[in-house]
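Note that full-length UniProt numbering numbers the sequence shown so that position 267 is 267, with each residue one more than the last.
What follows is a short report on a single structure.
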Amino acid sequence: MELLQSQAGTNTVEDIEKDLHRQFPFHEMFAQRGGTGQQDLYNILYAYAVYNPKDGYCQAHAPIAAVLLMHMPAEEAFWCMVAMFDFYIPGYFSPGLEVVQVDGSVMQGLLRAVCPIIHKHMEKHNVSPMLYCTEWFMCIFSRTLPWPSVLRLWDMFFCEGVKTVFRCGLVLLRSTLGSSEVLKQLPGLYETMEKLRKIDQKVMQPEVLMHEIIELKVSESDLENEHRRQQKQWKSQQPASPVRLVKRIYRYTPTHQFNHSNKKSEKGSKQETECHQHKHSANNGADQKSGEEKQTSV
1 MELLQSQAGT NTVEDIEKDL HRQFPFHEMF AQRGGTGQQD LYNILYAYAV
51 YNPKDGYCQA HAPIAAVLLM HMPAEEAFWC MVAMFDFYIP GYFSPGLEVV
101 QVDGSVMQGL LRAVCPIIHK HMEKHNVSPM LYCTEWFMCI FSRTLPWPSV
151 LRLWDMFFCE GVKTVFRCGL VLLRSTLGSS EVLKQLPGLY ETMEKLRKID
201 QKVMQPEVLM HEIIELKVSE SDLENEHRRQ QKQWKSQQPA SPVRLVKRIY
251 RYTPTHQFNH SNKKSEKGSK QETECHQHKH SANNGADQKS GEEKQTSV
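Take a look at the structure:
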């Protein structure tokens, strides 16, 4: 790969080398320090830092590259990662994380519709979405879910776009914090974050998680409308920012042809106490039949 012959930014090599041994250390590809798997991972991360010097290397690149490397040769994994960052989650790795901040606000807006009691709890105790969403979103749950669930979620992500990430986050929040009894035991920010760090393993099993994601009453239109609102609000608050917020893939589209040579419902009348029973649609019935979700193999 020609990119490996070019010079990356300051401290790039040191930063990448510090993270190599942290990526799936019990997987046979990465268990040996300096082994072939770690070397391929290093090459992908270094090449991307050269390819995109504006953002450079980000720690969240490593788990994404590692997952891809488990399923394809190194150069293909690199270009797949480029396509993910360009089309699915563009702007996620900018130095100021502005796009991730906007998506955190999108999550809050959707949470208000899907489970109002959780949203009220988060607002009351100043639990910013950046405290729990950042790793979820930037690593596409690869550091959060059991491995079988990671693979199933990524299948959906590639087929359906970034809406899968929001749906997964909402399902985990609803399953973990979605009852008044649970919330009464969480008197503040610290207790709430500790609860989110110890999500029930049963909730994260692939059969349970995928079913809940598919059944969640959040449509593509809900996401697009909320994203549009949050973009407008962010731009009004940050008028001088040079960051350009772009539209992502929220709905199914034909696979992009990527050239390697180019660089670049009905609203309820009352709030349910138990969110598991809450059937609200954030877009007044604009839900689509999520049961027809298409999944393909990573």
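Backbone N, C-alpha and C fix where the C-beta goes; we use that ideal spot for every residue, glycine too.
Here the structure is a predicted model, which means the values were calculated and not measured.
| Query | Result |
| --- | --- |
| According to the Cβ coordinates, are F137 and V171 closer than 8 Å? | no |
| Since Y46 contacts A8 with CB under 8 Å, what's their CB separation in whole angstroms? | 6 Å |
| Nearest to G91 by CA position, among V162, H125 and S179, is which residue? | V162 |
| Return the Cβ separation of G109 and Q230 in integer angstroms, given the expectation that the two are a contact with Cβ distance under 8 Å. | 7 Å |
| Since I believe V150 is in contact with F141 (beta carbons under 8 Å), could you give me their beta-carbon distance rounded to a whole number of angstroms? | 6 Å |
| Could you tell me which of G37, C139 and E191 sits nearest to H27, measuring between CA atoms? | G37 |
| Within the chosen definition, does the segment 70-81 reach the segment 93-106 through at least 3 CB pairs nearer than 8 Å? | no |
| Could you spell out where the alpha helix (DSSP H) holding A80 opens and where it closes? | Note that residue 80 is Cys in the sequence shown here, rather than Ala. Unbroken alpha helix (DSSP H) run through C80: A74 to A83. |
| If contacts are defined as beta-carbon pairs under 8 Å, then V203 and L209 qualify, I think. What distance do you get, rounded to the angstrom? | 7 Å |
| Can at least three beta-carbon pairs, one atom from the segment 116-133 and one from the segment 52-71, be found at a separation below 8 Å? | no |
| Label P63 either buried or exposed according to how many other C-beta atoms from any shown protein chain fall within 10 Å of its C-beta, with 16 as the threshold for buried. | buried |
| Check whether the Cβ atoms of V100 and T134 lie closer than 8 Å to each other. | yes |
| Applying the criterion that 16 or more other CB atoms from any shown protein chain within 10 Å of the CB defines a buried residue, is W147 buried or exposed? | exposed |
| What residue range is occupied by the uninterrupted alpha helix (DSSP H) comprising V50? | T36 to Y51 |
| Beta carbon of F30, beta carbon of Q39: below 8 Å? | no |
| The alpha helix (DSSP H) with H211 in it runs from where to where? | P206 to E215 |
| My output table needs one value for F24: the three-state DSSP class, helix, strand or coil. | coil |
| Under the rule that 16 or more other beta-carbon atoms within 10 Å means buried, what is Y190, buried or exposed? | exposed |
| How far does the alpha helix (DSSP H) with V67 in it reach, from first residue to last? | H61 to L69 |
| In this structure, how does DSSP classify R143 when only helix, strand and coil are distinguished? | coil |
| On the criterion of 16 or more Cβ atoms from any shown chain inside 10 Å, does E17 qualify as buried, or is it exposed? | exposed |
| G56 by DSSP, collapsed to three states: which one? | coil |
| Compute the minimum distance between the beta carbon of M138 and the heavy atoms of the ligand COA, and state whether it is under 7 Å. | The ligand COA is absent from the structure shown, which contains no ligands of any kind. |
| Does DSSP classify K267 as helix, strand or coil? | For K267, the predicted structure reports a pLDDT of 40, less than 50, and the residue's modelled location is therefore unreliable. The matter cannot be settled from this model. |
| List in chain order: all unbroken alpha helix (DSSP H) runs of 4+ residues lying wholly within the segment 107-139. | 116-124 and 129-138 |
| Please report how far the alpha carbon of residue 314 lies from the alpha carbon of V102, in whole angstroms. | Absent from the structure is residue 314, since the part of the chain shown begins at 1 and ends at 298. |
| At the level of alpha carbons, what is the spacing between E181 and V218? | 25 Å |
| Just mark G104 as buried or exposed, buried being the case when its beta carbon has 16 or more other beta carbons within 10 Å. | buried |
| Less than 8 Å between the CB atoms is what I'm expecting for E75 and M1, so what's the real figure, rounded? | 6 Å |
| Going by beta carbon distance, what residues of the same chain come within less than 6 Å of residue 301, once the five residues before and after it are set aside? | It is not possible to answer for residue 301, since the shown part of the chain is limited to 1 through 298. |
| So, at 6 Å on beta carbons, what are the nonlocal neighbours of E212 in its own chain, with the 5 sequence-adjacent residues on each side left out? | V171 |
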